[in-house]
Structures are given as C-alpha cells and as structure tokens.
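Undergrad: First the structure, which I've put down as structure tokens, then a few questions once you've had a look.
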Amino acid sequence: MAARWLWLAVLWAGPAAAAAAPPPPPPDAEVTFVLPAGRRECFYQGAPGNASLEAEYQVIGGAGLDVDFSLESPSGRLLVSESRRSDGAHTVEPTEAGDYKLCFDNSFSTISEKLVFFELIFDSAREEEEEEEEEDGGEEGDGWAEAAAPEDALDVKIEDIKESIETMKNRLERSIQMQTLLRAFEARDRNLQESNLGRVNFWSAVNLGVLVVVAFLQVYMLKSLFEDKRTVRT
11 MAARWLWLAV LWAGPAAAAA APPPPPPDAE VTFVLPAGRR ECFYQGAPGN ASLEAEYQVI
71 GGAGLDVDFS LESPSGRLLV SESRRSDGAH TVEPTEAGDY KLCFDNSFST ISEKLVFFEL
131 IFDSAREEEE EEEEEDGGEE GDGWAEAAAP EDALDVKIED IKESIETMKN RLERSIQMQT
191 LLRAFEARDR NLQESNLGRV NFWSAVNLGV LVVVAFLQVY MLKSLFEDKR TVRT
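For the sequence shown, my numbering assigns the number 11 to the initial residue and increments by one for each residue that follows.
This is how it looks when you write it as structure tokens:
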C-alpha cells in the first residue's frame with residue numbers, strides 16, 4: 011500500500027489574529043494516477059475544522075472501469091466505503107481538523123491496471139456566513155449610506171468592488187473544476203470506445219480468418235467428391 015501527502019501547511023498567527031478570522035481552506039486538489047493491478051493507493055489531505063469537503067472520483071481507464079473507494083476522517087471513523095464503482099461524489103460537512111484518508115483499492119484485479127482521476131474541493135463556512143451578512147446588511151445599507159461621509163462611502167464602494175471580484179474569482183474556479191470533471195468524463199468515454207473498437211477489430215479478423223479456412227475446406231471437400239480414384243489398366 012502506498013501513501014501520499016497532497017497538502018500540508020503550518021500557519022503562524024498571533025492569538026488576536028486567530029480569534030479574528032479562521033484559517034482559509036486549503037487549495038483544491040486534482041490528481042490523475044495509475045493504480046496497478048492488485049495494489050491499494052492511499053492519499054492524505056489536511057482539512058481545517060468547520061468547513062466543507064467534496065470528494066469526487068472517476069475511473070477513466072482500465073478493464074471494467076471499477077475500483078474500491080474508502081474515505082476516513084482524521085479520528086479514524088470510516089465515512090464512505092464503496093466496492094466496484096466507476097465514479098462517485100461525496101460531501102463531508104462540517105469537517106474535522108486533521109488529515110482525511112482517501113484510499114483506492116484494485117486488489118480484486120490481478121491483470122488490469124486502472125487510470126483514476128479524483129478531485130477535492132473545499133468550501134469555507136466563513137464565506138457562507140459573509141454572504142448571509144451581506145444579504146442581511148444590504149437592506150439596511152441604503153439608509154446609513156446616505157448619511158455617511160464621502161470618505162466612508164468611498165471605502166464602502168472599494169469593499170464592494172473587492173467582494174465582487176472575490177465572488178467572480180470563486181465562480182471562475184468552480185467553472186474550471188466543472189470543466190476538469192467533464193474532461194475526465196470525456197477521457198473515460200474515449201478510453202471505453204477505443205477499447206471496444208479494438209475488441210471489434212480483433213473478433214472481426216478472427217471471423218474473417220475462420221471464413222477463409224471454411225471456404226478452402228469446402229472447395230477441397232467438393233473436389234474430392236468428384237475425383238475418380240479408380241485405376242485404368244492398359
């Protein structure tokens with residue numbers, strides 16, 4: 011069994027900074043790897059507490075397009091256990107602080123290796139709270155904004171622009187993740203079609219060879235029926 015570390019970060023901050031804002035979620039991870047026959051591969055991903063973790067995987071290559079999958083929490087609790095699946099998507103919310111363990115098992119296959127793609131997406135609970143505060147504060151914002159000083163209004167506009175840019179950035183990142191997932195689907199379908207094409211070509215060649223052999227045997231048998239095997243004496 012092989013273990014791999016995807017992300018590990020140590021954050022240094024003062025007590026005041028830690029109390030003011032929780033640490034940001036780790037960056038999203040996308041991994042494509044080859045899982046050999048009869049092997050089990052495990053990956054470890056660090057996660058902060060009180061966040062959301064979404065794990066998606068697909069088998070995009072190999073005979074059967076299936077694999078065993080399991081997901082364990084930092085405390086060792088088994089969250090997900092699936093057998094002989096080609097894809098899956100699971101969400102853990104809220105998360106525990108620590109390292110989550112993702113394992114892919116191909117020990118049931120003795121010949122075929124598998125090409126596996128998986129993606130880890132993190133969403134911070136802090137972002138959802140900020141969006142709710144923005145919705146609640148938007149109704150009262152018109153009243154005090156009129157009485158605010160020009161400098162305060164300018165600061166508010168700058169903050170609005172920053173929030174809009176951050177929202178656009180998050181949506182673009184989500185679009186990139188969806189495109190990556192669609193590319194994984196496309197790669198799996200292409201591998202399946204190429205495998206089917208190879209099988210069709212092979213059996214077509216076998217059938218053609220059998221037809222040729224049968225044709226020669228039929229011609230030989232017909233000729234042997236009309237041959238005169240009697241000997242002529244002079």
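Even for Gly, the Cβ is constructed at its ideal location relative to N, Cα and C.
(1) Confirm, please, whether the CB-CB distance from Gln55 to Leu293 is below 8 Å.
(2) Which of the three DSSP states is assigned to Ile70 in this structure?
(3) Counting Cβ pairs closer than 8 Å, one from the region 87-101 and one from the region 41-57, do we hit at least three?
(4) Looking at the structure shown, is Thr177 part of a helix, part of a strand, or coil, going by DSSP?
(5) Per DSSP, which residues does Leu75 bridge with? Please list them.
(6) Closer than 6 Å by C-beta to Leu235: which residues in its own chain qualify, once you throw out the five before and the five after it? Chain order, please.
(7) State the DSSP-derived secondary structure class of Ser119, mapped to helix, strand or coil.
(8) Within 10 Å of its beta-carbon, does Pro37 have 16 or more other beta-carbons around it, so buried, or fewer, so exposed?
(9) Taking the straight line between their C-alpha atoms, what separation do you get for Pro104 and Ser85?
(10) Return the CA-CA distance between Lys172 and Ile186, expressed in angstroms with no decimal places.
(11) From Val224 to Ala215, what does the alpha carbon distance come to, in whole angstroms?
(12) For Gly108, which of helix, strand or coil comes out of DSSP?
(13) Who does Arg50 pair with in a DSSP beta bridge?
(14) Along the beta strand (DSSP E) that carries Phe43, what are the first and last residues, could you check?
(15) Taking the alpha-carbon positions, what's the Thr177 to Val102 distance?
(16) Alpha carbon to alpha carbon, how far is Ser122 from Gly74?
(17) Apply the 10 Å Cβ neighbour rule to Leu232 and answer buried if 16 or more other Cβ atoms are within range, or exposed otherwise.
(18) Tell me whether Gln203 is buried or exposed, calling it buried when 16 or more other Cβ atoms sit within 10 Å of its Cβ.
(19) Rounded to a whole number of angstroms, what is the C-alpha to C-alpha distance between Leu197 and Pro58?
(20) Pull up the distance between the alpha-carbon of Gly219 and that of Phe79, whole angstroms please.
(21) Tell me the rounded alpha-carbon separation between Glu149 and Asp170.
(22) Using 10 angstroms around the beta-carbon of Phe132, count the other beta-carbons present and answer buried if the total reaches 16, otherwise exposed.
(23) Cutting at 8 Å between CB atoms, please list the residues of its own chain near Glu183, excluding the five before and the five after it.
(24) Ala47: which of Arg95, Leu63, Asn116, Gly71 sits nearest, CA to CA?
TA: Here's the rundown:
(1) Coverage of the chain is limited to positions 11 through 244, which leaves residue 293 absent and any answer about it impossible.
(2) DSSP places Ile70 in the strand class (E or B) of the three-state scheme.
(3) no
(4) helix
(5) According to DSSP, which records beta bridges pairwise, Leu75 is partnered with nothing at all.
(6) For Leu235, where only same-chain residues beyond five positions count, there are no Cβ hits under 6 Å.
(7) Coil at Ser119, not helix or strand.
(8) exposed
(9) 14 Å
(10) 21 Å
(11) 14 Å
(12) strand
(13) Asp115
(14) 39-45
(15) 23 Å
(16) If you take the alpha carbons of Ser122 and Gly74, they lie about 9 Å apart.
(17) exposed
(18) exposed
(19) Reading the sequence as shown, one finds Ala at residue 197 and not Leu. Rounded to whole angstroms, Ala197 to Pro58 spans 32 Å at the Cα level.
(20) The alpha-carbon atoms of Gly219 and Phe79 are separated by roughly 43 Å.
(21) With a pLDDT of 48 at Glu149, under the threshold of 50, the modelled position of that residue is not reliable, and the figure given next carries that caveat. If I take the Cα positions, the gap works out to 15 Å.
(22) buried
(23) Asp38
(24) Minimum Cα distance to Ala47 is reached at Asn116.
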